Amino acid sequence: MIARAGSHQEFPRIAVALANPSNGKLLERMLGHSFHLDRGFFGSSESLAREADLVVVDAACLQRHYTVIEGLRRRASPMVLPVLLVAESRAAPHPKVAAELGRTVDDILQIPTNQAELQARINNLLRLRTLAREQDHARQELAGVVRALRTLSACDSIVVRSESENELITALCETIVGEEGYNLAWIGFQSTGKDSGLDICAWAGPAQDFIPDLKEGLEQKSECFDMVSQCIRSNTPHIVNNIADALPSSRFRERALTHQLAAAIVLPLKTETGRHGCLTIYSSQTEHFDHSECQLLERLAANLVFGLNSLRTHTMRDQQAAEIHYLAYTDALTGLPNRRHLLHYLDGILATPETRETGGAILFIDLDGFKLINDALGHEVGDEVLRQLGQRLQAAVRDYDLVVRQGGDEFLVVMSGAARDGTPQNPAAIVDIAHHLANRIINHLSEPLPAGGYTHRVNASVGISLFPEHGDDPGLLVENADKAMYEAKRLGSGHIHLYSKALADNRHQRFSMETRLRLALEQEQFELYYQPIFELATCRIVAAEALIRWPQENGEVLAPGAFMPLVEEIGLINPLGDWVLETAARQLRDWHNQGLELSMAVNLSINQLYPDGDVEHLTALVKPYVDPVWIHLEVTENALMEDPAEIEASLKALHDQGFQLAIDDFGTGYSSLSRLQHLSIQTLKIDRSFVNELGRPGGKGEALIAIIQQMASSLNLHTIAEGIETEQQRQLLLETSAGKAWGQGFWFSRPIPADEFERLVKS
1 MIARAGSHQE FPRIAVALAN PSNGKLLERM LGHSFHLDRG FFGSSESLAR EADLVVVDAA
61 CLQRHYTVIE GLRRRASPMV LPVLLVAESR AAPHPKVAAE LGRTVDDILQ IPTNQAELQA
121 RINNLLRLRT LAREQDHARQ ELAGVVRALR TLSACDSIVV RSESENELIT ALCETIVGEE
181 GYNLAWIGFQ STGKDSGLDI CAWAGPAQDF IPDLKEGLEQ KSECFDMVSQ CIRSNTPHIV
241 NNIADALPSS RFRERALTHQ LAAAIVLPLK TETGRHGCLT IYSSQTEHFD HSECQLLERL
301 AANLVFGLNS LRTHTMRDQQ AAEIHYLAYT DALTGLPNRR HLLHYLDGIL ATPETRETGG
361 AILFIDLDGF KLINDALGHE VGDEVLRQLG QRLQAAVRDY DLVVRQGGDE FLVVMSGAAR
421 DGTPQNPAAI VDIAHHLANR IINHLSEPLP AGGYTHRVNA SVGISLFPEH GDDPGLLVEN
481 ADKAMYEAKR LGSGHIHLYS KALADNRHQR FSMETRLRLA LEQEQFELYY QPIFELATCR
541 IVAAEALIRW PQENGEVLAP GAFMPLVEEI GLINPLGDWV LETAARQLRD WHNQGLELSM
601 AVNLSINQLY PDGDVEHLTA LVKPYVDPVW IHLEVTENAL MEDPAEIEAS LKALHDQGFQ
661 LAIDDFGTGY SSLSRLQHLS IQTLKIDRSF VNELGRPGGK GEALIAIIQQ MASSLNLHTI
721 AEGIETEQQR QLLLETSAGK AWGQGFWFSR PIPADEFERL VKS
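When we follow this note's numbering, the leftmost residue of the sequence shown carries the number 1, and every step to the right adds one.
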């Protein structure tokens with residue numbers, strides 16, 4: 001904790017390490033002045049020497065300061081130093097990061113988020129630390145109590161052996177009466193209600209029938225009540241040597257004498273925790289409680305106070321431990337068990353021989369379309385949807401299945417493979433049960449759900465892994481179910497997929513290729529091949545289309561179809577597209593320097609145009625080498641439909657910079673004539689599917705190509721026919737062309753390296 005200047009108020013110190021500065025500013029803006037944010041905590045040994053109450057990091061900084069954070073958490077033990085991991089919401093946390101949950105990370109906060117959730121998460125983790133501190137303090141107090149009890153030779157064995165407060169006070173009353181021959185002993189504690197009365201909790205003795213009269217007297221605030229209250233307030237014993245003389249004539253006095261209650265001593269029980277009270281003992285003899293007797297009873301009362309303190313400390317510690325356990329093993333939003341609970345639960349059941357016999361399944365459930373609800377209606381509505389879906393999940397599964405919230409919009413179900421009578425079932429039957437349960441879950445979740453003034457229908461994708469077939473490690477089982485879930489999502493919303501080794505191999509190959517792709521881009525391992533574009537009439541080479549290739553260590557050269565879908569999926573399309581454009585422009589400059597006046601066609605991804613297309617950036621990649629007028633940028637026909645107005649503006653801006661623009665694969669998309677006349681394009685590339693039909697009996701390719709060429713001529717557009725593979729196709733294209741027309745295809749040349757292309761042009 002840190003004190004605010006000029007104030008006694010203390011603020012929690014939060015050590016912040018975020019790689020993205022904007023996230024740090026977001027935290028400062030949301031948290032305001034309620035916390036002390038130490039963004040330089042990890043910057044020096046002097047900072048690390050200070051004690052932090054909470055650590056907030058993202059994945060990059062967690063990896064960078066992993067060892068330091070581990071050391072800080074060990075140093076804080078037995079208290080908890082909570083760690084909150086900030087993760088971007090556009091992508092699920094990396095499995096290695098998710099695996100740290102419950103180890104070096106206590107919670108994951110996905111951003112963007114709102115101030116209420118952020119402060120709730122932080123307050124929750126700070127509460128976890130506070131409870132740990134209180135538990136440690138209580139443990140120290142308990143140790144002191146135990147030491148004190150051991151040093152007291154006169155400690156009653158009942159105090160030592162009692163396991164509950166009720167057992168202690170009941171046995172003590174019985175022992176006092178039984179061993180010493182007193183008529184009555186009772187123990188009471190101050191009421192917790194507004195009437196500030198006294199509750200008699202335990203009693204024993206021959207005169208115990210007097211207790212109802214005594215309770216009535218205490219409720220009516222009689223002289224007896226005043227005497228007991230004064231004793232507790234002053235923490236001083238009070239002795240009544242003769243009840244008949246001390247109490248005025250009344251029904252209460254007469255009832256006491258009837259039960260042969262002649263003298264009494266009231267001993268205060270001033271406990272350190274909980275309600276204060278008193279121990280009251282009655283004798284049938286007046287003047288019974290002499291000095292020695294009082295000392296003995298005071299010591300007995302002191303032993304009782306020690307016993308009460310000990311038991312209450314135990315109880316408080318157990319309550320705090322239960323609360324810490326609840327916070328650590330329960331999802332705060334839905335009240336469902338969390339990932340930490342899941343891993344502990346799986347650890348337990350996987351270690352039992354019964355589980356190896358019966359088996360079971362992990363169902364990994366990911367909600368489809370939840371992000372739209374969260375983004376459109378806000379996190380409060382999103383949270384309400386998650387709470388309702390959590391309840392539906394519990395209603396969908398069997399009583400002995402476990403429902404867990406992994407985090408975000410991900411849930412898991414641990415399904416037992418045993419039959420209702422507990423007998424094992426074969427793996428095929430378990431798979432059938434898991435699929436049946438998954439279908440029931442999907443149906444339950446997809447029912448109409450009212451929240452935020454709207455009725456929602458949330459679908460789900462489910463991945464299934466089996467135990468012990470797919471692993472005997474909890475983390476591996478969850479990971480395999482996760483892999484199966486992603487395959488289910490790939491197949492489409494509402495699908496179910498069972499994990500298999502082939503799926504794992506494919507995921508491993510994909511991960512391997514992703515790693516190699518990033519390295520290849522970083523080290524510029526890609527190459528450009530060039531396919532000639534020639535005049536149909538003269539076969540003179542007039543341009544080249546730059547096509548990317550990826551050489552492998554084994555000598556194989558991969559075409560774009562083998563890796564470009566993954567490039568787009570992992571977000572490398574823009575930097576790779578920039579490399580292609582700049583490399584093609586540099587090559588074209590070299591050819592121009594050799595006297596080869598050629599144009600260069602380069603494919604442009606929709607991601608380079610929309611939504612954050614930067615025309616100035618694309619121009620800057622080309623201008624150092626050639627005038628943009630020599631560059632023909634090709635976009636697919638379908639790409640034009642993404643955001644027509646935005647794409648049209650970007651194309652015009654590119655043409656204003658001098659670029660020539662072409663529609664690739666024309667005829668396969670949905671371009672309208674009205675749009676074509678407004679687009680800043682100069683060329684239509686006729687798709688190879690039409691060219692392939694040329695010369696075939698009954699084929700309509702020739703007529704369609706003629707229509708395209710006539711339309712292009714009317715719009716003053718140039719045409720290039722793709723995929724020419726025969727001389728007959730070239731001749732037919734030449735016959736249908738209305739004026740100058742170009743073509744490309746394997747008939748003339750495959751895509752070839754730059755040096756081969758130069759030799760081909762010069763020959």
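For each residue, glycine too, the CB sits at the ideal point set by N, CA and C. For clarity, every value in this text was computed on a predicted model and none was experimentally measured.
Each of P697, G723, G698 and L733 was checked against the Cα of I707, and the nearest Cα belongs to L733. Taken in chain order, the complete beta strand (DSSP E) segments of 3 or more residues contained in the region 472-545 are 496-498 and 527-535.
The three-state secondary structure of F42, taken from DSSP, is helix. Residue environment: N593 is assigned as exposed (fewer than 16 neighbouring CB atoms within 10 Å of its CB, all protein chains considered).
Residue nearest to N439 within the set G494, D399 and G453 is G494 (criterion: CA-CA distance). Put simply, of V691, F210, P12 and M227 the residue whose alpha carbon is nearest the alpha carbon of Q119 is P12. Rounded to whole angstroms, P628 and V602 show a C-alpha spacing of 12 Å.
Out of P268, E216 and L261, the CA that lies nearest to the CA of H238 is found in P268. Between the region 707-720 and the region 675-694, the count of Cβ pairs shorter than 8 Å is three or higher; the stretches touch. In the DSSP assignment, the residues bridged to P337 are T330. Taking a C-beta distance under 7 Å as the contact criterion, T358 and G417 qualify as a contact pair. Residues of the same chain with a CB within less than 6 Å of the CB of L128, apart from the 5 flanking positions on each side, are V80, P82 and L327 in chain order.
Using a Cβ distance threshold of 7 Å, N241 and A256 do not count as a contacting pair. Spanning the alpha carbons of D318 and A171 requires a straight line of approximately 23 Å.
Between the alpha carbons of F35 and I14 lies a gap of roughly 7 Å. Non-local C-beta neighbours of L684 in its own chain, meaning closer than 6 Å and more than five positions away in sequence, comprise I663, F666, A712, L717 and T719, ordered along the chain.
Within the same chain, Cβ atoms closer than 6 Å to the Cβ of A639 are found at I606, the five residues on either side in sequence being excluded. In terms of Cβ geometry, F534 and F748 form a close pair [threshold 7 Å]. Put simply, the backbone Cα of L386 is about 15 Å away from that of T330. The alpha helix (DSSP H) runs of length 4 or more contained entirely in the region 354-441 are, from start to end of the chain, 370-377 and 379-396. By the Cβ test, the region 514-525 is in contact with the region 563-575, since at least three Cβ pairs between them sit closer than 8 Å. Leaving aside the five residues that flank C224 on each side, the residues in its chain whose CB is nearer than 6 Å to its CB run, in chain order, G217. R312 is classed as buried because its beta carbon has at least 16 other beta carbons within 10 Å across all chains shown.
In this structure, the straight-line span from the alpha carbon of D290 to that of N123 is close to 57 Å. Of the other Cβ atoms in all chains shown, 16 or more fall within 10 Å of the Cβ of Y499; this residue is therefore buried. Between I724 and G745, the C-beta gap is smaller than 7 Å, which places the two residues in contact. One thing to note: A484 has its Cβ within 7 Å of the Cβ of H497. Y66: member of the alpha helix (DSSP H) spanning Y66 to A76, first to last residue. Under the 10 Å beta carbon count, Y530 is surrounded by 16 or more other beta carbons and is classified as buried. Between the region 367-384 and the region 104-117, the count of Cβ pairs shorter than 8 Å is three or higher; the stretches touch. When secondary structure is reduced to three states using DSSP, P450 falls in the strand class.
As for any beta strand (DSSP E) of minimum length 3 sitting wholly inside the region 188-239, the runs are 198-204, ordered along the chain. Taking C-beta separations shorter than 8 Å and ignoring five residues to either side along the sequence, the partners of R510 in its chain run L566, following chain order. Judged by pairs of C-beta atoms under 8 Å, the region 399-406 does not touch the region 462-471, as fewer than three such pairs exist. Straight across, the Cα-Cα distance linking E384 with F364 is about 21 Å. Bridge pairing for R13: H36 [DSSP].
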